[in-house]
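Student: For the protein sequence lines, the chains are G and B, in the order given.
When you line the first sequence up against the numbering used here, it's residues 1 to 200, in that order.
When you line the second sequence up against the numbering used here, it's residues 1 to 466, in that order.
No residue lacks a Cβ here, since even glycine has one placed at the ideal position from N, Cα and C.
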Amino acid sequence: MEPLTEHTGRVLPLRRSDVDTDQIIPSRFCRRLTKTGYADGLFARWREADDFVLNDPARAGGSVLVAGPNFATGSSREHAVWALRDWGIAAVLAPSFGDIFRRNALKNGLLAVQLPDAVVSGLLDAADRDPRFLVTVDLLACEVRWDGGRQAFEVDVRARRLLLDGQDDIAVTLADGDRIAAYERGRPHWLPVFGPARAG
Amino acid sequence: MSEPRTLVEKIWDAHRIPSGSDGPDLLYVDVHLVHEATSAQAFDGLRLAGRTVRRPDLTLAVEDHNVPTDSLSITDPISIEQVARLRANCAEHGIELFPHGDARQGIVHVVGPELGAIQPGMTVVCGDSHTSTHGAFGALAFGVGTSDVEHVLATQTLPMPRPRTMAVEFTGTLPPDVTAKDLMLALLAEIGANGAHGYVLEYRGAAIRGLSMESRMTLCNLSIEAGARAGMVAPDEVTFEYLATRPRRPVGKDWDEALAHWSTLCTDPGAVFDRTVTLEVGALSPVVTWGTNPGQAVPLSQAVPDPAQFTDAAERAAARRALEYMALEPGTRMRDIEVDTVFLGSCTNGRIEDLRAAAAVLRGRVLAPSVRMLVVPGSMRVRDQAEQEGLHDVFRAAGAEWRLSGCSMCLGMNADRLSGPRRCASTSNRNYEGRQGDTARTHLVSPAVAAATAVAGRLAAPADLS
Ligand code: SF4
């Protein structure tokens with residue numbers, strides 16, 4: 001992956017809590033075998049309403065989604081991340097996230113950043129007033145900046161390093177191959193194993 | 001004496017591999033479950049990077065999410081493509097697969113346990129959020145996305161920060177008509193759909209000890225609906241007895257060794273949890289959902305709440321939205337809500353005990369004329385067992401459809417979808433907008449309530465039937 005240090009973009013305010021991944025992309029759009037091609041499915045049901053934020057022409061090109069607490073709860077489908085990315089969303093800011101989504105997002109270079117409630121409310125208000133309201137998410141400095149404000153955030157150390165360096169997650173783990181092999185030699189022998197030819 | 005530890009910490013410590021790079025430890029994965037809907041891109045990723053599957057012998061695959069439950073032949077072109085890809089990937093890497101049509105096929109979280117492949121103290125992952133189900137065995141089990149599926153295929157490990165721990169203490173005695181499903185819906189209503197965010201839960205208390213393995217699986221299955229990373233129950237005689245007859249259990253001397261180890265898997269007295277939640281269960285009654293997340297639930301005896309009663313602004317707004325989607329008025333008695341569809345199945349409530357509970361209600365009764373009921377066993381083994389017990393005759397005589405195994409109407413990915421604004425009482429785990437069909441409305445219920453509802457044509461408990 002290309003190294004990623006920061007992103008600046010216009011805010012898309014999504015003033016809803018507990019947005020589940022079934023809303024982000026309904027399962028019937030998750031039947032592809034690729035990691036791309038999911039933009040059509042993004043918020044497919046909610047986009048049917050003309051006043052949905054993604055349909056607002058004044059906000060076209062917005063790339064920083066700001067949402068209520070517990071964003072992307074529910075299903076583990078990484079398609080939710082792929083769909084946001086395909087649409088052009090580069091960062092999501094919310095008071096809290098579904099755990100699996102947050103992991104998935106960072107693995108794909110989608111900056112899922114947890115911010116205090118009050119900060120998120122402030123950003124939502126600012127974006128409501130001004131569709132051109134800009135936010136910068138700085139992964140190097142671990143802070144979000146906007147005109148007149150800034151807020152530090154915490155992010156998983158490993159995910160951050162991988163993104164900043166553009167490193168491959170699996171390659172980093174495979175560098176610990178000897179340690180993994182040593183661990184495997186000590187596993188209890190009675191643990192179950194599977195095989196293609198097994199009966200029962 | 002070493003420090004007292006929680007069950008989670010014991011499993012964590014036994015699977016932790018310190019990483020040579022900065023960042024979190026690696027967690028070794030004992031069993032990796034794979035299915036057709038979230039694995040294709042992971043296998044592609046391996047291939048692109050010139051990598052292979054490190055431990056095909058610790059990997060088991062099934063076809064469940066997008067297979068038909070009305071026919072042994074798959075006709076949907078996308079489904080055909082998905083299963084063909086999984087079959088090719090499994091063949092290429094030497095992975096054991098239970099394909100659609102196999103006597104052992106079923107929902108991934110039903111199949112693993114019934115094989116005896118999920119054992120106390122293990123780590124289990126799967127590209128599916130309800131992997132938490134397997135915590136019922138005292139295993140640390142959690143769902144992951146496709147990138148992590150690829151990571152596990154390639155390395156058999158996951159880099160993971162140590163999770164926070166939460167004790168969920170159920171005090172009191174569970175009333176006879178209250179099931180594990182009701183228990184969890186009550187907990188979710190109490191702490192909210194995000195109330196256990198990021199924690200690994202350990203369910204504790206005498207009420208848990210009295211639960212069967214099937215019920216414990218229902219309990220742990222729903223952990224994810226509280227935002228938890230995983231949920232677990234310490235193993236005991238009930239666990240060991242369940243495992244003792246399973247095909248993939250350790251045998252002979254191995255069984256004795258395993259059993260000795262399993263018996264150490266409990267939270268030590270004096271061990272400290274990061275948080276504790278207590279729920280008194282003695283006064284519980286059947287619980288059903290009224291909204292669009294599993295925490296929006298009330299006892300069946302109550303009414304649809306008034307959003308104005310919620311003090312939290314976000315909750316109030318969510319309740320308003322939910323009622324609009326569900327087409328419900330505040331104050332409507334839950335028992336007055338009419339349904340046209342009943343779904344009995346899923347990894348939450350598709351096991352033999354669930355089918356027995358529903359059949360016990362349906363025996364000698366027929367469905368309300370306006371109701372369609374789908375009975376979808378969680379696995380083909382469950383289906384066989386049910387047929388040996390004659391349960392299929394009960395369902396059919398009542399007018400319900402007796403189907404093959406799969407995820408079916410739990411997620412609306414396959415052909416079993418509701419079209420139009422249908423209202424469904426469902427034993428599954430998610431009542432999200434559009435989950436069972438674009439405009440479908442879902443009420444989560446226990447199997448007994450599902451069966452009674454099918455007869456009454458409106459939300460009902462068995463005791464409501466004459
Ligand atoms: S039954 Fe439903 S929740 Fe369970 S694995 Fe299948 S789709 Fe997921």
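Which chain B residues sit within Cβ distance under 8 angstroms of C30 (chain G)?
Tutor: By Cβ distance, chain B contributes A37, M413.
Student: Span of the alpha helix (DSSP H) holding E257 (chain B)?
Tutor: Counting along the chain, the alpha helix (DSSP H) containing E257 (chain B) begins and ends at 253-262.
Student: Relative to the ligand SF4, is the shortest distance from any of its heavy atoms to the C-beta of S346 (chain B) smaller than 7 angstroms?
Tutor: For the ligand SF4, at least one heavy atom lies less than 7 angstroms from the Cβ of S346 (chain B).
Student: Let me make sure I understand the geometry here. Which of B:E315, B:S370, B:A61, B:E389 has the alpha-carbon closest to that of R363 (chain B)?
Tutor: That would be B:E389, whose Cα lies nearest to the Cα of R363 (chain B).
Student: What three-state label does DSSP hand R187 (chain G) in the structure shown?
Tutor: Correct three-state label for R187 (chain G): coil.
Student: Would you say R198 (chain G) reaches chain B, if we count a Cβ-Cβ gap shorter than 8 angstroms as a contact?
Tutor: Answer yes: the Cβ-Cβ gap between R198 (chain G) and chain B drops below 8 angstroms somewhere.
Student: For chain G, find out if any of its Cβ atoms is closer than 8 angstroms to the Cβ of G108 (chain B); answer yes or no.
Tutor: In the sequence on display, residue 108 (chain B) carries Val and not Gly. Taking Cβ atoms only, chain G never reaches closer than 8 angstroms to V108 (chain B), which makes this a no.
Student: Please determine whether the Cβ atom of N414 (chain B) lies at a distance below 7 angstroms from any heavy atom of the ligand SF4.
Tutor: No, the ligand SF4 has no heavy atom inside 7 angstroms of this Cβ.
Student: If you draw a straight line from the alpha carbon of L14 (chain G) to that of V272 (chain B), how long is it in whole angstroms?
Tutor: L14 (chain G) and V272 (chain B): Cα-Cα distance of roughly 39 angstroms.
Student: Less than 8 angstroms between CB atoms is the rule here; does G109 (chain G) satisfy it with respect to chain B?
Tutor: Judged by the 8 angstroms Cβ criterion, G109 (chain G) is not in contact with chain B.
Student: Measuring only between beta-carbons, confirm whether V157 (chain G) sits less than 8 angstroms from chain B.
Tutor: Yes, contact with chain B.
Student: Is S428 (chain B) near the ligand SF4, going by C-beta to nearest heavy atom under 7 angstroms?
Tutor: Yes; taking the cut-off as 7 angstroms, the Cβ of S428 (chain B) has a heavy atom of the ligand SF4 nearer than that.
Student: Looking at the strands, I want to know which residues DSSP matches up with T157 (chain B).
Tutor: In DSSP, T157 (chain B) forms a bridge with B:Y28.
Student: Going by beta carbon distance, what residues of the same chain come within less than 8 angstroms of G68 (chain G), once the five residues before and after it are set aside?
Tutor: Same-chain partners within the cutoff: L14, R15, R16, S17, D18, V19, A94, P95, V120.
Student: With C-beta atoms as the reference, is G143 (chain B) less than 8 angstroms away from T131 (chain B)?
Tutor: Yes, they are a contact pair.
Student: Is I107 (chain B) near the ligand SF4, going by C-beta to nearest heavy atom under 7 angstroms?
Tutor: The answer is yes for I107 (chain B).
Student: Chain B partners of F43 (chain G), CB-CB under 8 angstroms?
Tutor: Simply none; closest approach about 11 angstroms.
Student: What is the DSSP secondary structure of H65 (chain B), counted as helix, strand or coil?
Tutor: It is coil, neither helix nor strand.
Student: With a threshold of 8 angstroms between beta carbons, is L187 (chain B) in contact with chain G?
Tutor: By this cut-off, L187 (chain B) is not an interface position.
Student: Quick check on the DSSP output: the alpha helix (DSSP H) that includes E324 (chain B) runs from which residue to which?
Tutor: First-last of the alpha helix (DSSP H) with E324 (chain B): 313-326.
Student: Using a threshold of 7 angstroms, is the CB atom of L219 (chain B) nearer than that to any non-hydrogen atom of the ligand SF4?
Tutor: Answer for L219 (chain B): no, Cβ out of range of the ligand SF4.
Student: Can you tell me whether A175 (chain G) is helix, strand or coil according to DSSP?
Tutor: Reduced to three states, the DSSP call for A175 (chain G) is coil.
Student: Across the stretch 268-286 of chain B and the stretch 306-314 of chain B, are there enough close Cβ pairs to call them in contact, namely three or more that are closer than 8 angstroms?
Tutor: The stretch 268-286 of chain B, when compared against the stretch 306-314 of chain B, does not touch it at the 8 angstroms Cβ threshold.
Student: Between B:V233, B:R55, B:T52, which lies nearest to M166 (chain B) when the distance is taken from Cα to Cα?
Tutor: Nearest C-alpha to M166 (chain B): B:V233.
Student: At 8 angstroms on the CB atoms, spell out the chain B contacts of P188 (chain G), in chain order.
Tutor: By Cβ distance, chain B contributes E257, A258, H261.
Student: Counting only C-beta atoms, is L33 (chain G) closer than 8 angstroms to chain B at any point?
Tutor: L33 (chain G) counts as touching chain B.
Student: Cβ closer than 8 angstroms: which chain G residues qualify as neighbours of N194 (chain B)?
Tutor: By Cβ distance, chain G contributes D18, P69, N70, T73, S96.
Student: Just checking: is the beta-carbon of F153 (chain G) within a distance shorter than 8 angstroms of some beta-carbon in chain B?
Tutor: It does not: the Cβ of F153 (chain G) has no partner Cβ on chain B nearer than 8 angstroms.
Student: Would you please verify whether the beta carbon of T442 (chain B) is less than 8 angstroms from any beta carbon of chain G?
Tutor: Taking Cβ atoms only, chain G never reaches closer than 8 angstroms to T442 (chain B), which makes this a no.
Student: Just to confirm the assignment: which complete alpha helix (DSSP H) runs, minimum length 4, are found wholly within the stretch 195-265 of chain B?
Tutor: Listed in chain order, the complete alpha helix (DSSP H) runs (minimum 4 residues) inside the stretch 195-265 of chain B are 206-209, 213-221, 237-243, 253-262.
Student: Our contact map puts P120 (chain B) next to F137 (chain B) with C-beta atoms below 8 angstroms; I'd like the distance itself, whole angstroms only.
Tutor: Confirmed, about 5 angstroms.
Student: Please name the residue or residues paired with M373 (chain B) in a DSSP beta bridge.
Tutor: For M373 (chain B), which the question treats as bridged, DSSP gives the partners B:V342.
Student: With 8 angstroms set as the bound, which would you pick, yes or no: does the beta-carbon of A175 (chain G) sit closer than that to a beta-carbon of chain B?
Tutor: It does: the Cβ of A175 (chain G) has a partner Cβ on chain B nearer than 8 angstroms.
Student: Hey, would you say P299 (chain B) sits closer than 8 angstroms to N429 (chain B), going by beta carbons?
Tutor: Not in contact: P299 (chain B) and N429 (chain B) (Cβ atoms no closer than 8 angstroms).
Student: Please report the distance separating the alpha-carbon of L185 (chain B) from that of V110 (chain B).
Tutor: Rounded to the nearest angstrom, the two C-alpha atoms are 21 angstroms apart.
Student: On the premise that A322 (chain B) lies in contact with T348 (chain B), defined as a C-beta separation below 8 angstroms, what is that separation, rounded to the nearest angstrom?
Tutor: Between A322 (chain B) and T348 (chain B) the Cβ distance is about 20 angstroms, and since that is not below 8 angstroms, they are no contact.
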